[in-house]
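Okay, structure first, notes after.
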């Protein structure tokens, strides 16, 4: 039985399939889904991870959407382009995510619109302009019109994240992810993002989505999302922030709030070796942090300077020793 909804969001399979042992749902599509719902649109998020292509296409056909949004990382390019070819003409097709944000011209011939950068406001604006087609008025989109490339103004990121709704996890195949993770990795893991952006300019880094501007969610919002994740049955959280520990005071306060929430969850995060000390690590440990990934890159001071890392081997050693001492 068919039904007509406004938007279908698709998370393609990664490639190669044999490398899918460390898989998580798309946090970006959860945010888009929540923003669309908040704006009053009907939306379905289809996760291709545990589905065959035919099942995805049949569901799109059944839902008859006006817009089909497809997420893309570089490991999903072939899948995303192949899917776009099969659904184009059935609805307005939009692609977004890290890869299209960095190289939008790669996708303009296969999609009607390419969304560049943060997508929550962009996808809602696309829906608002669906009738008049004035997509050039929407910041952060690239497309072709009459064979000519059209780039709108860049979408400026907001330093304030309080306007963002909690990512909508209701369409995610949570039970499938939980079973998969417990089978292969013991602890069922899902992502959460408490901050966006990184102000550092390491020479090797490509920050195509969130850029240099650092912004943080309210602490109570993060804890509320963690509580929701625990209620869904997950065991562990991957804090997908570019730099979780940048703001020392906020990180300490967040870890304290997590500890006081008494949630049955552990978590891990990314950190620099600056902006941290043993007291912070001890508080994070009490809050359930089990692992920290430090971006050290090299033990050679000359190489670190060439990378523009802004750290020293001595500082890296001190941070790691403080982390180990904290447990």
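Residue numbers (my numbering): 731 to 1057. Even for Gly, the Cβ is constructed at its ideal location relative to N, Cα and C.
Asked: Could you give the C-beta distance for residue 1037 and residue 942, rounded to a whole number, given that I count them as a contact under 8 Å?; Found: Incorrect: roughly 17 Å between the Cβ atoms, too far for contact.
Asked: Which word fits residue 1020, buried or exposed, when buried means at least 16 other C-beta atoms lie within 10 angstroms of its C-beta?; Found: exposed
Asked: My understanding is that residue 870 touches residue 885, with C-beta atoms under 8 Å, so please give their C-beta distance in whole angstroms.; Found: 3 Å
Asked: For the segment 784-795 against the segment 841-850, do three or more pairs of beta-carbon atoms, one drawn from each stretch, fall closer than 8 Å, so that the two count as touching?; Found: no
Asked: Around the Cβ of residue 779, are there at least 16 other Cβ atoms within 10 angstroms (buried) or fewer (exposed)?; Found: buried
Asked: Does DSSP classify residue 821 as helix, strand or coil?; Found: strand
Asked: With distances taken from CA atoms, which of 910, 798, 815, 817 is nearest residue 856?; Found: 798
Asked: At 3 residues or longer, and completely inside the segment 879-956: list those beta strand (DSSP E) runs for me, N to C.; Found: 919-922
Asked: Could you tell me which residues DSSP puts in a beta bridge with residue 974?; Found: Paired residue(s): none; residue 974 is not in a bridge.
Asked: Going by alpha carbons, who is nearest to residue 782 out of 809, 997, 919, 912?; Found: 809
Asked: Please report the Cβ distance between residue 759 and residue 771, rounded to the nearest whole angstrom; I am assuming they are in contact, meaning their Cβ atoms lie under 8 Å.; Found: The pair is not a contact, with the Cβ atoms about 14 Å apart (cut-off 8 Å).
Asked: Tell me which residues share the same chain as residue 840 and place their Cβ nearer than 6 Å to its Cβ, disregarding the 5 neighbours each side in the sequence.; Found: 811, 814
Asked: So for residue 1048, helix, strand or coil by DSSP?; Found: helix
Asked: Short of 8 Å in beta carbon distance, which residues of its chain neighbour residue 967, apart from the five on each side in sequence? Order them along the chain.; Found: 919, 920, 921, 922, 956, 959, 995, 996, 997, 998
Asked: Tell me the residue span of the alpha helix (DSSP H) that contains residue 767.; Found: 757-768
Asked: Mind checking which residues open and close the beta strand (DSSP E) that includes residue 777?; Found: 773-777
Asked: With the cut-off set at 8 Å, would you say residue 924 and residue 946 are in Cβ contact?; Found: yes
Asked: Taking 6 Å as the limit between beta carbons, can you name the residues of its chain near residue 768, skipping five residues before and five after?; Found: 895
Asked: Going by DSSP, what residue range makes up the alpha helix (DSSP H) through residue 845?; Found: Counting along the chain, residue 845 falls outside any alpha helix (DSSP H), though it belongs to the beta strand (DSSP E) covering 843-845.
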